[in-house]
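Residue numbers (our numbering): 2 to 624.
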Amino acid sequence: MDYKTVAANILKNVGGAENVTDLTHCFTRLRFVLKNEELANKAVIEKLEGVIQVVVAGGQFQVVIGTKVDKVYDEILPMVNLSGEKVEAEKGSIWNSILQGISKIFTPLVPAIAASGLIKGLLAIASRMGWVADTNSTYILLNTASNVIFYFMPVFLAYTTAKTMKCNKINAMVLGAFLCHPVIDALIQDVSNPSTIFGLPVIKKAFTIGESVKVFSYVESVIPIILTVIALSYLEKLLKKIIPDMLEIVLVPGLSLIIMLPVMLVVLGPVGIYVGYAIQWLYQTLYSFSPILGGTIVGGLWGVCVIFGAHRALLPIGLNDVALTGTNTLMCFAGSANFAQAGAALGIALKTKNKDMKQVAVAATIPAFLVGITEPAIYGCNLRLKKPMVCAVIAGAVGGAIMGIGHAVNTGFANNGILTIMTYYGEGTLFSQFMAYLIGIVVAFVGAAALTYIVGFEDLSNDENEVQSLPTLKEGSITSPVIGNAMKLTDVKDEVFSSEAMGKGIAVMPTENYVVAPEDCKVSVIFPTKHAIGLTLDNGVELLIHIGMNTVELNGKYFEQHVEVGSRVSKGTKIVSFDKKAIEKEGYDMTIPVVVTNSTEFKIIQAVDSGKVDQDTDVIYVA
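Structure representation (structure tokens):
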């Protein structure tokens, strides 16, 4: 895959760089915020090389690429200017704004969290099998590495929140690091001795959770730093308005820190802690009411949330739970959903007769099964075929219910896959809880695969894979409008045509100097420069014939028009003639793409890919 070409084609079809107000990416998808979504051509983008699916949700135009999304992102980012003043995108609902904000803050952390989960899983296996003692220096170092993302969570969240809020990232990180400093942590947890800053009381508090007492700490906390950085962003804007430009570089960050430290310790930090405990209490209350119901709902609907990107909004619940209690149940139930999506994809791979779909399904099963990356499975096959998605939802709900019955827990925060499975049997986890998790994911995976295979789905045809070259085409065929030598459209040295962004078809290197009507048709368009022709054939095909590459620059020189726009012509009627030698002498490529621009309206489009063609040669077949 040519990532630069893929990036360029995507950018073109989202409305160009000027239509992009923000761009991020997660494991598998580019997340655009567009000024005007109506300028984006969803149908064309979904047909581009490298694109699995397009989802418009949560105020974002999401282009699903798969596991190579970071490479496409790296190519597309220099093509858009996101550093200067941006025109505000159309405001959506409050919910969309919140969802976008949460996604931007937490999505960049997911790969590091997943990596930490993988390390924790491998260490748990090594420890349980007796391969290494938890006192071993290697074990200690790796375990520490797996905990860094959580211990310094305020620092990482400070960065992502500052990036989202467009304020000074380093200043924000300083505030986050301040909360994690051992001196500050010891001071906050020393509830018996009051502390002040500028004479204001530093808030300290001990909470009773169940039968235990917990003194709140900002280490591993989530909400306090987010609230702080949001406030910082507004403070910075205010200071920049009143401080002279020549003093801004020193006074704005300096005053920001001096002001925000007491605000954070006296107001926003404690508020964040209280909000965190409230969220944790609410989730635990709901979970305590019925673990089975909780597991059923999350296990069943997590995959649905992934479709819309709404699962990111649930991440703070799990992270906050880990920060306050050291365990979480949310990711257990999400694991049931993830394994169910993997199972459904496997069921498709076993059932489908379509070679391409089988390949997609197998490829999608592997990342979902190993590390819980389900987007390729969801968008590549399960959602596309509909019934497998329903089977995954049902199996995920059953698996989640089983986990709820057994009170499965995760002692950290890890993605769900075979490689991280032992994080669900960490220190303090009962064997019965681990078995509930194992049974849940097995039921979800095997159940989804079996249901998909038994229930079945409307399979895709192999027709479009069977014909690579068609020397003789039957009914529904289109003859060549140009005499010359045929070539694959994908070999054209122009990314718009080679990517098939305009539609499917062929290309011809002409040996004669004219274009004729390939079938009875209406002349819909002849561009003023005469280099491009649009025809509407009687069978409903809309055909674009583009004479040469970049020949629009000739402004009609060397071209002659023979029919009028809007006229009906019969097969073989000369439409435009041209001077091939003169145009080539000017330095232009004379390759002529012949493209079905309404390709999406046809189930099958087949084309010859080589050989001599003339007005009697069938070159394209549509059905």
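Every residue gets a Cβ at the ideal spot worked out from N, C-alpha and C, and that includes glycine.
8 Å CB neighbourhood of residue i in its chain, flanking five on each side removed
{"i": "ASN169", "result": "ALA163, LEU233, GLU237, VAL253, PRO254 and SER257"}
{"i": "LEU35", "result": "VAL15, GLY16, ASN20, VAL21, THR22, ALA41, PHE62 and ALA90"}
{"i": "PHE435", "result": "ALA409, TYR425 and TYR426"}
Within 8 Å, strictly: CB atoms of residue i and residue j
{"i": "MET550", "j": "ASP610", "result": "no"}
{"i": "PRO511", "j": "ILE479", "result": "no"}
{"i": "GLY485", "j": "GLU459", "result": "no"}
{"i": "THR29", "j": "VAL70", "result": "yes"}
{"i": "ALA627", "j": "CYS392", "result": "An answer regarding residue 627 cannot be provided, because it is not within the stretch 2 to 624 covered by the chain."}
{"i": "LEU158", "j": "GLY177", "result": "yes"}
{"i": "VAL272", "j": "LEU201", "result": "no"}
{"i": "PRO592", "j": "VAL517", "result": "Note that residue 592 is Thr in the sequence shown here, rather than Pro. No, Cβ-Cβ distance for THR592 and VAL517 is not below 8 Å."}
{"i": "VAL577", "j": "ILE534", "result": "yes"}
{"i": "PRO594", "j": "GLY457", "result": "no"}
{"i": "GLY348", "j": "ALA449", "result": "yes"}
{"i": "ALA187", "j": "GLY344", "result": "no"}
{"i": "PHE579", "j": "ILE548", "result": "yes"}
{"i": "LYS105", "j": "THR165", "result": "yes"}
{"i": "GLY301", "j": "GLY373", "result": "no"}
Option in the options with minimal Cα separation from residue i
{"i": "THR139", "options": "LEU201, LEU40 and LEU123", "result": "LEU123"}
{"i": "VAL192", "options": "ILE274, SER218 and PHE199", "result": "SER218"}
{"i": "ILE53", "options": "VAL65, LYS43 and VAL45", "result": "VAL65"}
{"i": "PRO377", "options": "LYS586, ILE231, VAL55 and VAL516", "result": "VAL55"}
{"i": "ARG569", "options": "ILE546, ILE548, LYS523 and TYR515", "result": "LYS523"}
{"i": "GLY319", "options": "SER525, ALA449, PHE107 and ASN10", "result": "PHE107"}
{"i": "ASN411", "options": "LEU371, TYR152, MET332 and GLY348", "result": "MET332"}
{"i": "VAL443", "options": "ILE507, ILE374, ILE455 and GLY336", "result": "GLY336"}
{"i": "CYS306", "options": "ASN355, ILE379 and PRO292", "result": "ILE379"}
{"i": "ILE367", "options": "LEU452, VAL184 and PHE340", "result": "PHE340"}
{"i": "TYR454", "options": "TYR438, ALA346 and ILE419", "result": "ALA346"}
DSSP three-state assignment for residue i, whether helix, strand or coil
{"i": "ASP75", "result": "helix"}
{"i": "ALA437", "result": "helix"}
{"i": "THR424", "result": "helix"}
{"i": "GLY418", "result": "coil"}
{"i": "VAL410", "result": "coil"}
{"i": "THR618", "result": "coil"}
{"i": "MET154", "result": "helix"}
{"i": "VAL88", "result": "With a pLDDT of 38 at VAL88, under the threshold of 50, the predicted position of this residue should be treated as unreliable, and no value is reported."}
{"i": "TYR589", "result": "coil"}
{"i": "GLU561", "result": "strand"}
{"i": "ILE198", "result": "strand"}
{"i": "ALA624", "result": "coil"}
{"i": "LYS359", "result": "helix"}
{"i": "CYS168", "result": "coil"}
{"i": "LYS352", "result": "helix"}
{"i": "PRO263", "result": "helix"}
{"i": "ASP186", "result": "helix"}
Outcome for residue i when other beta-carbon atoms lying within 10 angstroms are tallied against a minimum of 16
{"i": "HIS182", "result": "exposed"}
{"i": "TRP303", "result": "buried"}
{"i": "PRO529", "result": "exposed"}
{"i": "MET247", "result": "exposed"}
{"i": "ALA487", "result": "buried"}
{"i": "GLY270", "result": "buried"}
{"i": "PHE199", "result": "exposed"}
{"i": "THR601", "result": "exposed"}
{"i": "ASP619", "result": "buried"}
{"i": "ASN625", "result": "The shown model of the chain, from 2 to 624, leaves out residue 625, and the question about it has no answer."}
{"i": "ALA338", "result": "buried"}
{"i": "VAL509", "result": "buried"}
{"i": "LYS604", "result": "exposed"}
Chain B within 8 Å of residue i, Cβ atoms only
{"i": "THR574", "result": "Among the chains of the structure shown, chain B does not appear; only one protein chain is present."}
Other residues of its chain near residue i: CB distance less than 7 Å, five sequence neighbours each side excluded
{"i": "MET423", "result": "GLY122, ALA125, ILE126 and ARG129"}
{"i": "ILE440", "result": "ILE403"}
{"i": "LEU49", "result": "VAL7, ASN10, ILE11, SER500 and ALA502"}
{"i": "HIS26", "result": "ARG32, VAL70, ASP71 and TYR74"}
{"i": "SER433", "result": "GLY407"}
Contacts around residue i, its chain only, beta-carbon distance under 6 Å, and the 5 residues preceding and following it disregarded
{"i": "VAL276", "result": "ILE224"}
{"i": "SER147", "result": "SER117, ILE120 and LYS121"}
Contact test: residue i Cβ vs the ligand ZN heavy atom, cutoff 7 Å
{"i": "THR162", "result": "The model depicted lacks the ligand ZN and carries no ligand whatsoever."}
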